[in-house]
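Enquirer: What follows is a structure written as structure tokens; I'll ask about it next.
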Amino acid sequence: MPTTRPRFTVPILLTGIVLLMSNSNSQAGDGRSAAALLETTAANLSSSPKSLRVYIGTYTRGDSRGIYAFDLDLESGALESRGLAAELRNPSFLAIHPNRKFLYAVSEVSDAGGRPTGGVSAFAIEAGTGKLTALNAQPSGGAGPCHLVVDPSGQCVLVANYGGGSVAAIPVQANGRLAEPASTIQHEGQSVNPRRQQAPHAHSINVDKTNRFAVAADLGLDKLLVYRLKPDTGGLTPNDPPHATVEPGAGPRHFAFHPGGRFAYVINELDLTVTAFAWDAGRGALEAIQTVTTLPGDFQGSREGLSTAEVQVHPSGRFLYGSNRGHDTIAMFAIDGQTGKLTPLGHEKTGGRTPRNFGIDPTGAYLLAANQDSHSVVVFKINSQTGRLEPTEHHVEVPSPVCVKFLRLE
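Spelled out as structure tokens, the structure:
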């Protein structure tokens, strides 16, 4: 297994949780010069961490009891267990506050607190050890919350409710506790798939780098709904234009902005594709520019039981990755820095069954694949030049893993 680290520059943004990096020979499509990137690199190389805490969200329908913690060695790729970090029902998605002091988790249920809704829980992160202490919980504004993020300023948590077909914004107090939801928006409508699209199913919500817009991917509507965000109040209001669409029956699931701020990508669960968009950050408008399959170009097998799950852009902005469940692979793509279009790079088996989610560590060195149905998290090295995944010897057992998030410890 190779042990050398990829040659990425590491300017740290948002206190180490979100980092924007670039290969020194590329502008990563955001218009900055290589010289400027190198200057930033020289100022920040000393801050590059040697290890990261990894939090794994799970489904607690079997042996799992909640959120599990590991340490990732950035030199070797090895994972060391830190045990159960917090007990919670179905913490299927996690988000970490930009100040690294708080972690938030959905509780993907439909009966939180005796109400017909899911929940969102707040935890304090102990400096140095990364241990989690429960602070409080609030209703998510709908049943089955499956995705959440913290806005870049750390003032609110946004959550998508799959079962309820709604999105909500929940203010974050100075002590990390959650206030009551300030905005809840119920989606309306349906699309063409009679089994999966007879009602709205909000599957993710993401905030752009300007912190002015939130984009919610709704699988049931085949739409990406765009909202204006007021993070200081938790305000969400429909944008004009209010949405972008994908092909009927595509089923948009997870969404990722390019770090350069000009492109965005959605992975479509039902037809196993990725759609690339141009993003107008001034208007909050998405324009589709390309749709590509996540399966091999010569795939001839049955698609029954196959679906996609996660999509992420590499911190360098040069590569995109998407997970195929059933096919049990990570699809790899190169991103054209000028046009945002994708070129397939191939597929890598995830070493397990049903890769529900994966995480790319903030330095861009490793991808951790969460194989939900084989109860494992498998570590892959990312080739910094080609973007291809390289298997390592490292993997750990985790019951029903479905989310991977990284934290830099002081």
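Heads up, the sequence shown is in numbering that gives the first Met the number 0, so the first residue is 0 and it goes up one at a time. C-beta: ideal position from N, C-alpha, C; glycine also.
(1) Do three or more CB pairs link the stretch 308-324 to the stretch 255-275 at distances below 8 angstroms?
(2) Assign A213 to one of three DSSP states: helix, strand, or coil.
(3) Who are G65's beta bridge partners in DSSP?
(4) What is the rounded straight-line gap between the Cα of T232 and the Cα of C155?
(5) Hey, P251 and V245: beta-carbon distance below 7 angstroms or not?
(6) Quick check: what's the CA-CA separation for A198 versus G219?
(7) On the DSSP letters alone, give me the boundaries of the beta strand (DSSP E) that N135 sits inside.
(8) Among residues of its own chain, excluding the 5 on either side of T290, which ones have a beta-carbon nearer than 6 angstroms to its beta-carbon?
(9) Name the one or two DSSP bridge partners that S322 has.
(10) Should D270 and A249 be called a contact, given that it needs their Cβ atoms to be closer than 7 angstroms?
(11) Pull up the CB-CB distance for L147 and L157, whole angstroms please, since I reckon it's below 8 angstroms.
(12) Consult DSSP for D239 and reduce its assignment to one of helix, strand or coil.
(13) Assuming V395 contacts F357 under a Cβ cut-off of 8 angstroms, what Cβ separation, rounded to an integer in Å, is found between them?
(14) Can you give the Cα-Cα distance for F318 and N382, rounded to whole angstroms?
(15) Since N160 sits in a beta bridge, which residues does DSSP pair it with?
(16) Below 7 angstroms between beta carbons: does that hold for F101 and G56?
(17) Check this for me: beta carbons of T209 and A280, under 7 angstroms apart or not?
(18) Closest by CA to Q380, which one among P398, L73 and V265?
(19) Please identify the residue among R60, E79 and G127 whose C-alpha is closest to the C-alpha of L408.
(20) Under the three-state reduction of DSSP, which class applies to G304: helix, strand or coil?
(21) Taking the straight line between their C-alpha atoms, what separation do you get for T3 and R52?
(22) With DSSP collapsed to three states, give me the class of G233.
(23) Would you give the residue range spanned by the beta strand (DSSP E) that Q185 belongs to?
(24) Tell me S383's beta-bridge partners as DSSP assigns them.
(25) Specify the secondary structure class of D372 as computed by DSSP and reduced to three states.
(26) Alpha carbons only, please: which of A123, Y161 and N370 is nearest the one belonging to N323?
(27) Round the Cβ separation of S182 and G234 to the nearest angstrom and send it over; I've been treating them as touching at under 8 angstroms.
(28) Tell me where the beta strand (DSSP E) around A198 begins and ends.
(29) Is A333 closer than 7 angstroms to G296 when the C-beta atoms are compared?
(30) Within 10 Å of its beta-carbon, does L444 have 16 or more other beta-carbons around it, so buried, or fewer, so exposed?
(31) Near V397, what residues of its chain come up, given a Cβ to Cβ distance below 7 angstroms and the 5 sequence neighbours on each side ignored?
(32) Using alpha carbons as the reference points, say which of D70, I95 and A104 lies closest to E86.
(33) Ignoring anything shorter than 4 residues or poking outside the stretch 256-284, list the alpha helix (DSSP H) runs there in chain order.
(34) Between E303 and D327, what straight-line distance do the alpha-carbon atoms span, to the nearest angstrom?
(35) I need the straight-line Cα distance from L294 to G350, nearest angstrom please.
Expert: With the given structure in hand:
(1) yes
(2) Here residue 213 refers to the residue found at position 214 when the sequence shown is read from its first residue. Correct three-state label for A213: strand.
(3) Along the sequence shown, read from residue 1 onward, the residue named residue 65 stands at position 66. Answer is E86, bridged to G65.
(4) Counting from 1 along the sequence shown, the entry for residue 232 is found at position 233. Counting from 1 along the sequence shown, the entry for residue 155 is found at position 156. Approximately 8 angstroms, taken between the alpha carbons.
(5) By 1-based counting over the sequence shown, the position of residue 251 is 252. By 1-based counting over the sequence shown, the position of residue 245 is 246. Yes, the pair counts as a contact, with Cβ atoms nearer than the cut-off.
(6) For the purposes of this step, residue 198 is taken as the residue at position 199 of the sequence shown. For the purposes of this step, residue 219 is taken as the residue at position 220 of the sequence shown. Cα to Cα, A198 sits roughly 6 angstroms from G219.
(7) Counting from one through the sequence shown, the residue named residue 135 turns up at place 136. L131 to P138 is the extent of the beta strand (DSSP E) around N135.
(8) Taking the sequence shown and counting its residues from 1, the one referred to as residue 290 is at position 291. Result list for T290: T272 and T274, in chain order.
(9) Numbered from 1 along the sequence shown, position 323 holds the residue referred to as residue 322. I329, per the DSSP bridge assignment.
(10) In the sequence shown, residue 270 corresponds to position 271, counting from 1. In the sequence shown, residue 249 corresponds to position 250, counting from 1. Closer than 7 angstroms, so yes.
(11) Taking the first residue of the sequence shown as 1, we reach residue 147 at position 148. Taking the first residue of the sequence shown as 1, we reach residue 157 at position 158. Yes, L147 and L157 are in contact; Cβ-Cβ is about 6 angstroms, under 8 angstroms.
(12) As a first step, residue 239 must be located in the sequence shown, where it is residue number 240. If DSSP states are grouped into helix, strand and coil, D239 belongs with the strands.
(13) Locating residue 395 in the sequence shown gives position 396, where the first residue counts as 1. Locating residue 357 in the sequence shown gives position 358, where the first residue counts as 1. The C-beta separation of V395 from F357 comes to about 14 angstroms, leaving the pair out of contact by the 8 angstroms criterion.
(14) Numbered from its first residue, the sequence shown carries residue 318 at position 319. Numbered from its first residue, the sequence shown carries residue 382 at position 383. Rounded to the nearest angstrom, the two C-alpha atoms are 11 angstroms apart.
(15) Along the sequence shown, read from residue 1 onward, the residue named residue 160 stands at position 161. Answer is P144 and S165, bridged to N160.
(16) Numbered from its first residue, the sequence shown carries residue 101 at position 102. Numbered from its first residue, the sequence shown carries residue 56 at position 57. No. Outside cutoff.
(17) Counting from one through the sequence shown, the residue named residue 209 turns up at place 210. Counting from one through the sequence shown, the residue named residue 280 turns up at place 281. Yes, these two residues count as a Cβ contact at 7 angstroms.
(18) Numbered from its first residue, the sequence shown carries residue 380 at position 381. Inspection of the sequence shows that residue 380 is occupied by Lys rather than by Gln. That would be L73, whose Cα lies nearest to the Cα of K380.
(19) Walking along the sequence shown from the start, residue 408 turns up at place 409. Selected option, being the one with the closest Cα: G127.
(20) Counting from one through the sequence shown, the residue named residue 304 turns up at place 305. The answer is coil: DSSP assigns G304 none of H, G, I, E or B.
(21) Along the sequence shown, read from residue 1 onward, the residue named residue 3 stands at position 4. Along the sequence shown, read from residue 1 onward, the residue named residue 52 stands at position 53. Note that T3 has pLDDT 34, beneath the 50 cutoff, so the model's placement of it is unreliable and the number below is only indicative. Going from the Cα of T3 to the Cα of R52 covers about 20 angstroms.
(22) As a first step, residue 233 must be located in the sequence shown, where it is residue number 234. Three-state result, G233: coil.
(23) Taking the first residue of the sequence shown as 1, we reach residue 185 at position 186. Per DSSP, Q185 belongs to the beta strand (DSSP E) from S182 to Q185.
(24) Position 384 of the sequence shown, counted from the start, is the residue given in the question as residue 383. In the DSSP output, where bridge partners are listed per residue, S383 has none listed.
(25) Translated into the one-based positions of the sequence shown, residue 372 becomes position 373. Residue state, collapsed to three classes: helix.
(26) In the sequence shown, counting from the first residue as 1, residue 323 sits at position 324. Here the closest residue by C-alpha is N370.
(27) Counting from one through the sequence shown, the residue named residue 182 turns up at place 183. Counting from one through the sequence shown, the residue named residue 234 turns up at place 235. Going by Cβ atoms, the distance from S182 to G234 rounds to 6 angstroms, so yes, they are a contact pair.
(28) For the purposes of this step, residue 198 is taken as residue 199 along the sequence shown, with counting starting at 1. Segment: none, A198 is in no beta strand (DSSP E) and carries neither H nor E.
(29) Position 297 of the sequence shown holds residue 296. Position 334 of the sequence shown holds residue 333. Their beta carbons are not under 7 angstroms apart, which means G296 does not touch A333 by this criterion.
(30) This structure gives no information on residue 444, because the portion of the chain shown stretches from 0 to 409.
(31) For the purposes of this step, residue 397 is taken as the residue at position 398 of the sequence shown. I55, T57, Y67, H374, S375 and V376.
(32) Position 87 of the sequence shown, counted from the first residue, corresponds to residue 86. That would be A104, whose Cα lies nearest to the Cα of E86.
(33) none
(34) Mapped onto the sequence shown, residue 303 falls at position 304. Mapped onto the sequence shown, residue 327 falls at position 328. Spanning the two alpha carbons is a distance of roughly 13 angstroms.
(35) By 1-based counting over the sequence shown, the position of residue 294 is 295. By 1-based counting over the sequence shown, the position of residue 350 is 351. Rounded to the nearest angstrom, the two C-alpha atoms are 17 angstroms apart.
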